[in-house]
Amino acid sequence: MVTVEERYEHLEKTIRGYNISADFSLILSAYEYAREHHGAQMRRDGTPYITHPLQVAQIVAEMRLDSESIIAALLHDCIEDTNSTYEDIAKRFGVTVADIVDGVTKLTRVKYSTMEEEQMENLRKMLFAMSRDIRVILIKIADRLHNMRTMEYQTPAKQKKKAFETMEIYAPIAHRLGMQKVKWELEDLSLKYLDPVAYADINQKLEAASAEHDQFMSAVQSELTARLTELGIPNATVYGRVKHPYSIYRKMYAQEKTMEEVYDLFAFRVLVDSVADCYNVLGVVHDLYKPILGRFKDYIATPKPNMYQSLHTTVIGEDGIPFEVQIRTYDMHAIAEYGVAAHWKYKQGLRGERGERTYEWIRRLLENQEDADAEDFIHSLKIDMFSDEVFVFTPRGDVINLPAGATPIDFAYSIHSVIGNTMVGAKVNGRMVGFDYQLHNGDVVEISTSKAAHGPSRDWMKTAKSSEARSKIRQWFKRERKEENIAQGRSSFESELKRSGLTISQVTAPDALPNILKRVGFQTLDEMYAAIGYGGYTSLKAVNRIRDELLQLSRAAAVEKAAQEAAAAREVQEGKAPLPQKSKSEKGLIVEGLSNCLVKFSKCCTPVPGDPIVGFITRGYGVSVHRKDCPNADPDRRTAADQGRWIKVTWSDDVYEAYSTALEVVCKDRSNLLVDISTALSSCKVSVTSLNSHCTADGFAIFHLVISVTDSKQLEQVMRKLHNISSVMKVNRPAG
Ligand code: MN
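The numbers in the sequence shown follow my numbering, run straight up by one, and end at 1013.
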């Protein structure tokens, strides 16, 4: 039984092996801190809990990571499982270490068991969105590896669940990060619990044949080594291995073969110093053994997206046994084994290379991975670094995917509209925040709700980034605040109506309302007000539509009326109907066949009683009266469509009103002309409504008068008097 102290010594020795300048005193105090905080906690296998962080640190050391990684690995379960805090760790071991531990803790809180495929995808994306410090993922992988190694002490249910997660999430991530060795071990350990029968079968057969396998491998190994030495290729290492159980399992499964039938069971590796030597070795291998066509792959010239470089070829040995040979340099091999970890190790020695830029290539690597090396993927991992998304956790560890810039409001509504509607407060990573707080990747968001909550405020619609949240907020206002919406919508609508010069009585008029409601698409006006109130409709849109509708209605009514009247008039003319009583309009006119109709005198010819006149039924403005000699009333200019609208109009006998009419007086300009005109008009006892004059360039003066007269006789008298004024040349009644 290995003691905890022996394990720690072994860890220190491993670190010394690659990093003599590691901060050993801080590593020791991290170990002591973790041991103290985990106290009497025990693992299921009966060892003290501290064994686990120690072993995780051991794996991290085997990845050759830096002091901070080792320290974080030792402390990785402290925040989750002990009374230690982020602040305490930051104070003792620095903010970087605390951030890494915090990151690992967040990943630990992720719940996978209930995850749909969509959630898996979110999770993988999020893991990398959090790769601002890749060490978080590396430690999490080491943690998972140790847990899988000690999984036999767990319940069968937990074994299956963890094995599934490992196969779905961690092994693919290890592959992405180029960590072949870790990936293989994770896959084999998962297979052991996912398909125990097949796993046992493969292992048993490998075991049974192991002597035979060893013999074959050492024969090839010595043959190759001897040949390389002979040819003077320096510093070459050759070794063989049987492929790992999961790789065999997959081949059996995919090719529906027994293990004996699986094509190549063996893989040999030749490690050399230089790229040139790699190609030399390839020549030697192809010289010694018969290559299988189409199995050569040059990953040195074209590296895999996860940085992997090697030459691959499959050949057939003496007994007809096929085997694969991988040829690469020692540097390439380090990358192949440790992937990102190896790269990270190289980078960290260089000053100024750390931080964001160091991880740029990881992001790129992950972006380019799609469809690469499809054979190696069971499930393709589409990990894109979506800059327009943010991934956060629920307190239970579920991952929620929100648009970038999302706030606690978006989060709450993405959980459930009830959560959003009863939200009274929000905490991010345990700290109270405002509702406009912008969420970051990996934040743990907690929403406080209350039954007494007032519900969302209208400002939330502006604060929310997701359309989902906005539409749920709108829904709420629609449903919960109907009275308030109606009141608010009505006042908004009425002020808009006023602005456009319409009145509410025009809208509510019984013959207009049904058409208006149909036009705006609501059952009642209250419904329309409510929609305006909660923002689903605007009062401007409503008023515009109503104005259009009212205009159309008035036109339709006028045409209808005109058509009826014209038909009636024709019937009278043709003697089919009794002559209707002549009736008198307020303006001293008799419009044939119509009573009490609206009458106006046309502005173009300003008729006065005594003038021969004719009427025209306008669209919506009653009957317009013209002089018969007005060009606008000329029978030759009437259109066929309007023919029915011309109607006989006569002056009634008892004229008492004054009628406005226009006159035009053309004179040779002279002084006192205006005085003479005024005198003439007053002598006729007519009042002048307006008088304009202008002089022409060739010495004429033209007066435009509007006067009030009782009839055409008085008008003739006025015109005569004006004509008699010296230098007046013409007095006209303008028309047309
Ligand atoms: Mn752990």
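Yeah, the Cβ is synthetic: ideal placement off N, Cα and C, and Gly gets one too.
Point to revise | Contact belief for LEU384 with MET428 at Cβ below 8 Å, rounded distance in angstroms | key: If you number the sequence shown from 1, residue 384 lands on position 107. If you number the sequence shown from 1, residue 428 lands on position 151. With a Cβ gap of about 18 Å, LEU384 and MET428 do not count as contacting.
Check your understanding: Between ILE292 and ILE377, what straight-line distance do the alpha-carbon atoms span, to the nearest angstrom?
Key -> Along the sequence shown, read from residue 1 onward, the residue named residue 292 stands at position 15. Along the sequence shown, read from residue 1 onward, the residue named residue 377 stands at position 100. One Cα belongs to ILE292, the other to ILE377, and the distance between them is close to 19 Å.
Check your understanding: Which residue's Cα is closest to the Cα of LEU565: ASP575, GLY571, SER587 and THR591?
Key -> The sequence position of residue 565 within the sequence shown is 288, counting from 1. Nearest C-alpha to LEU565: THR591.
Point to revise | Cα-Cα separation, ARG947 to SER1004 | key: The residue given as residue 947 occupies position 670 in the sequence shown. The residue given as residue 1004 occupies position 727 in the sequence shown. Rounded to the nearest angstrom, the two C-alpha atoms are 8 Å apart.
Exercise for review: Decide if LEU802 is buried, meaning its Cβ has at least 16 other Cβ atoms within 10 Å, or exposed.
Suggested key: For the purposes of this step, residue 802 is identified with residue 525 of the sequence shown, where counting begins at 1. Its Cβ being crowded by 16 or more others within 10 Å, LEU802 is buried.
Point to revise | Residue span of the alpha helix (DSSP H) that contains SER769, given as start and end | key: Here the question's residue 769 lines up with position 492 in the sequence shown. In the DSSP assignment, SER769 falls within the unbroken alpha helix (DSSP H) covering 759 to 776.
Review point. Does the Cβ of ASP354 lie closer than 7 Å to at least one heavy atom of the ligand MN?
Key: Position 77 of the sequence shown, counted from the first residue, corresponds to residue 354. Using a cutoff of 7 Å, the CB of ASP354 counts as near the ligand MN, since one of the ligand's heavy atoms is closer than that.
**Study point:** Limits of the unbroken beta strand (DSSP E) element including CYS944
**Key:** Locating residue 944 in the sequence shown gives position 667, where the first residue counts as 1. Judged by DSSP secondary structure, CYS944 falls within the beta strand (DSSP E) whose first and last residues are 936 to 945.
Review point. Taking C-beta to C-beta, are PHE980 and LYS945 nearer than 8 Å?
Key: The count along the sequence shown starts at 1 and reaches residue 980 at position 703. The count along the sequence shown starts at 1 and reaches residue 945 at position 668. No. Outside cutoff.
Exercise for review: Run the proximity test for ASP420: is its beta-carbon closer than 7 Å to any non-hydrogen atom belonging to the ligand MN?
Suggested key: The residue given as residue 420 occupies position 143 in the sequence shown. ASP420: yes, Cβ under 7 Å from the ligand MN.
Point to revise | Close-in-space but distant-in-sequence residues of the same chain around THR927 (CB under 6 Å, 5 per side omitted) | key: Within the sequence shown, residue 927 is the residue found at index 650, counting from 1. For THR927, where only same-chain residues beyond five positions count, the Cβ hits under 6 Å are ILE867.
**Study point:** Any non-hydrogen atom of the ligand MN within 7 Å of HIS610 CB
**Key:** Sequence index remark: in the sequence shown, residue 610 carries index 333 (1-based). In this structure, the C-beta of HIS610 stays at least 7 Å away from each heavy atom of the ligand MN.
Exercise for review: Report yes or no: do the segment 772 to 779 and the segment 800 to 820 share at least 3 C-beta pairs separated by less than 8 Å?
Suggested key: Taking 8 Å as the limit for Cβ pairs, the verdict is that the segment 800 to 820 does touch the segment 772 to 779.
Exercise for review: Any chance you could list the alpha helix (DSSP H) runs of at least 4 consecutive residues sitting entirely within the segment 278 to 350, in chain order?
Suggested key: Complete alpha helix (DSSP H) runs here, min 4: 281 to 295, 301 to 315 and 328 to 339.
Point to revise | Stretch pair the segment 950 to 961 + the segment 910 to 927: three plus CB contacts closer than 8 Å | key: Too few Cβ pairs lie closer than 8 Å, so no.
**Study point:** Assigned secondary structure, PRO680 (DSSP; H/G/I helix, E/B strand, else coil)
**Key:** The residue given as residue 680 occupies position 403 in the sequence shown. DSSP places PRO680 in strand when its eight states are reduced to three.
Exercise for review: Return the first residue and the last residue of the alpha helix (DSSP H) that LYS482 is part of.
Suggested key: Stepping through the sequence shown from its first residue, residue 482 is reached at position 205. Start and end: 473 to 485.
Practice item. Please go through the same chain and pick out, in chain order, the residues whose beta-carbon is closer than 6 Å to the beta-carbon of ARG1010, but skip the five residues on each side of it. Key: On the sequence shown, residue 1010 is found 733 positions in, with the first residue counted as 1. Exclusion of the five residues before and after ARG1010 leaves no residue of its chain whose Cβ lies closer than 6 Å to its Cβ.
Review point. So is MET278 buried or exposed if we call it buried at 16+ other beta carbons inside 10 Å?
Key: Residue mapping note: residue 278 aligns to position 1 of the sequence shown, counting from 1. Classification for MET278: exposed.
Review point. Does the Cβ of HIS329 lie closer than 7 Å to at least one heavy atom of the ligand MN?
Key: The sequence position of residue 329 within the sequence shown is 52, counting from 1. Because some heavy atom of the ligand MN lies under 7 Å away, the Cβ of HIS329 counts as near it: yes.
Point to revise | Any 3 or more C-beta pairs closer than 8 Å across the segment 316 to 334 and the segment 360 to 380 | key: The segment 316 to 334 vs the segment 360 to 380: no contact.
Point to revise | Collapsed DSSP secondary structure at ARG631 in the structure displayed | key: In the sequence shown, the residue the question calls residue 631 occupies position 354. Confidence is the limiting factor: at ARG631 the pLDDT is only 39, short of 50, which leaves the residue's position unreliable, though a coordinate-based value still follows. In this structure, ARG631 counts as coil in the three-state DSSP scheme.
Check your understanding: So what's ASP575 in DSSP terms, helix, strand or just coil?
Key -> If you number the sequence shown from 1, residue 575 lands on position 298. ASP575 falls in the strand class under three-state DSSP.
Review point. Cβ-heavy atom distance between VAL549 and the ligand MN below 7 Å?
Key: As a working note, residue 549 is residue 272 in the sequence shown. Within 7 Å of the C-beta of VAL549 there is not a single heavy atom belonging to the ligand MN.
Review point. Just to confirm, does VAL558 get its C-beta within under 7 Å of one of the non-hydrogen atoms of the ligand MN?
Key: Residue mapping note: residue 558 aligns to position 281 of the sequence shown, counting from 1. Every heavy atom of the ligand MN is 7 Å or more from the Cβ of VAL558, so no.
Review point. Looking at the structure shown, is LYS925 part of a helix, part of a strand, or coil, going by DSSP?
Key: Counted from its first residue, the sequence shown places residue 925 at position 648. Note: LYS925 maps to coil in three-state DSSP.
**Study point:** Helix, strand or coil at VAL413 [DSSP, three-state]
**Key:** Position 136 of the sequence shown holds residue 413. DSSP, reduced to helix, strand and coil, places VAL413 within a helical segment of the structure shown.
Point to revise | Simplified DSSP state of ALA375, which is helix, strand or coil | key: Indexing the sequence shown from 1 puts residue 375 at position 98. Of the three classes helix, strand and coil, the one that applies to ALA375 here is helix, per DSSP.
Practice item. With a floor of 4 residues, list each alpha helix (DSSP H) that falls wholly inside the segment 683 to 752, ordered by position along the chain. Key: Runs of the alpha helix (DSSP H) inside the segment 683 to 752: 685 to 692, 694 to 698 and 737 to 740.
Exercise for review: Specify whether the segment 315 to 326 and the segment 292 to 306 touch according to this definition: at least 3 beta carbon pairs, one from each stretch, less than 8 Å apart.
Suggested key: Contact annotation: the segment 315 to 326 does not touch the segment 292 to 306, with fewer than three C-beta pairs closer than 8 Å.
Exercise for review: Provide the residue span of the beta strand (DSSP E) that contains LYS1007, from first to last.
Suggested key: The count along the sequence shown starts at 1 and reaches residue 1007 at position 730. Its beta strand (DSSP E) spans residues 1005 to 1009.
Review point. Leaving out five residues before and five after SER227 in sequence, what residues of the same chain have Cβ atoms less than 8 Å from its Cβ?
Key: Only positions 278 to 1013 of the chain appear in the structure, and residue 227 is not among them; the question remains open.
Check your understanding: Can the beta-carbon of PRO522 be found less than 8 Å from the beta-carbon of TYR476?
Key -> Counting from one through the sequence shown, the residue named residue 522 turns up at place 245. Counting from one through the sequence shown, the residue named residue 476 turns up at place 199. Closer than 8 Å, so yes.
**Study point:** Residue from LEU483, GLU507, VAL547 and ARG504 whose Cα sits closest to the Cα of SER524
**Key:** Here the question's residue 524 lines up with position 247 in the sequence shown. Taking only the C-alpha atoms, the option nearest SER524 is LEU483.
Review point. Excluding sequence positions up to five away, which residues of its chain have a Cβ less than 7 Å from the Cβ of ARG267?
Key: Not covered by the structure: residue 267. The range shown for the chain is 278 to 1013.
**Study point:** Nearest to VAL695 (by Cα), restricted to the options LYS749, ASP713 and VAL943
**Key:** Mapped onto the sequence shown, residue 695 falls at position 418. Each of LYS749, ASP713 and VAL943 was checked against the Cα of VAL695, and the nearest Cα belongs to LYS749.
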